[in-house]
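Working notes, beginning with the structure itself.
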Amino acid sequence: MSQYETPLFTALVEHSKRNPIQFHIPGHKKGQGMDPTFREFIGHNALAIDLINIAPLDDLHHPKGMIKEAQDLAAAAFGADHTFFSIQGTSGAIMTMVMSVCGPGDKILVPRNVHKSVMSAIIFSGAKPIFMHPEIDPTLGISHGITIQSVKKALEEHSDAKGLLVINPTYFGFAADLEQIVQLAHSYDIPVLVDEAHGVHIHFHDELPMSAMQAGADMAATSVHKLGGSLTQSSILNVKEGLVNVKHVQSIISMLTTTSTSYILLASLDVARKRLATEGTALIEQTIQLAEQVRDAINAIEDLYCPGKEMLGTDATFNYDPTKIIVSVKDLGIT
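Just so we're aligned, residue 3 is where the sequence shown starts under my numbering, counting upward by one.
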């Protein structure tokens with residue numbers, strides 16, 4: 003199939019055009035059973051595709067038709083062997099990664115500044131976290147990534163770990179040398195799990211940090227809704243075969259996913275993938291240029307500072323996302 007196609011969204015639109023009488027949930031029946039104020043605000047089209055996993059529309063838990071086609075297109079776009087759509091947000095995808103490789107008592111190497119979903123998954127799986135301290139920027143006070151040295155030390159001391167989790171890029175847009183980290187972990191046959199919540203776009207432009215799949219990571223929880231144009235709570239889990247069992251991953255994400263799957267969220271992932279794959283490079287190029295103009299303008303203002311490529315040069319700041327605009331106001335002397 004072509005990246006210009008949207009098999010899931012297109013099928014939902016065609017289904018709604020047939021105007022079928024619904025003898026199934028949701029009970030609002032295309033909006034007729036809900037408060038008219040909300041119905042009028044949301045609109046008929048959205049409510050007409052708020053559907054469930056009836057036979058013609060495939061099933062996220064056992065995809066064989068349009069959902070499988072949409073996920074396969076996403077896998078091709080992101081350079082993965084398999085892609086799973088998550089309507090439990092990136093949190094659900096992150097929990098799937100951890101619980102796919104860890105059981106009770108298993109060690110997992112994680113940065114100290116991980117998202118709460120990582121800790122939730124560690125608690126649910128019964129795993130034992132081995133914390134690695136991220137580098138703290140001495141000027142801005144923000145957390146960067148973990149260094150090669152800290153990863154190497156952790157691997158040497160805990161070579162029996164079942165997984166290594168990395169944040170790439172960080173919330174502030176900085177990235178460590180992910181490719182080298184992956185190579186280090188793989189030399190111990192340890193899979194690398196990447197929290198890519200703030201990096202859905204980096205795969206689609208050469209001036210941005212290397213994506214998890216490009217670096218050879220085994221799994222990546224990628225938040226399409228944050229920066230990729232899909233609806234809030236929609237995300238993807240990209241997987242490479244080898245050190246992880248894909249069928250086991252599918253079982254875990256199914257266990258963590260509601261059976262009342264939102265087709266609106268799923269369709270938004272389908273169309274967001276299309277735009278990233280077909281227009282992403284050009285749109286990101288425009289965004290980089292605009293961000294650099296904004297960065298220059300901010301840095302021309304006294305006592306304000308917007309970090310850029312001058313921050314690079316350490317193991318933890320191997321690369322950065324220039325579309326990220328962060329502003330330090332510490333020189334204003336205001337607390």
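Heads up, the beta-carbon is just placed ideally off N, CA and C, and yes, glycines get one too.
DSSP, reduced to helix, strand and coil, places F86 within a strand of the structure shown. As computed with DSSP, G29 is found in no beta bridge at all.
The criterion of a C-beta distance shorter than 7 Å is not satisfied by I255 and T149.
With three or more CB-CB distances shorter than 8 Å, the stretch 131 to 148 counts as touching the stretch 168 to 180.
Judged by beta-carbon spacing, D220 lies within the 7 Å limit of V246, meaning their Cβ atoms are closer than that value. If only uninterrupted alpha helix (DSSP H) runs of at least 4 residues are considered, those enclosed by the stretch 67 to 116 are 68 to 80 and 91 to 103. If you look at A223, you'll find it isn't in any alpha helix (DSSP H); it sits in the beta strand (DSSP E) that goes M221 to T224. T8 places its beta carbon 7 Å or farther from that of V226. Using a Cβ distance threshold of 7 Å, L278 and F206 count as a contacting pair. For G282, the enclosing alpha helix (DSSP H) starts and ends at Y265 to N301.
Contact between the stretch 55 to 68 and the stretch 228 to 245 is absent: fewer than three C-beta pairs spanning the two stretches fall below 8 Å. In the three-state reduction of the DSSP assignment, E198 falls in the strand class, which pools E and B. About 5 Å separates the CB atoms of L195 and L167; that is less than 8 Å, so the two are in contact.
Between the alpha carbons of L59 and L14 lies a distance of about 7 Å.
Y307 sits away from F176, with the two beta carbons spaced by 7 Å or more. The residue among L186, Y265 and Q288 with its C-alpha nearest the C-alpha of I56 is Y265. In the displayed model, K326 falls within coil according to three-state DSSP, outside both helix and strand.
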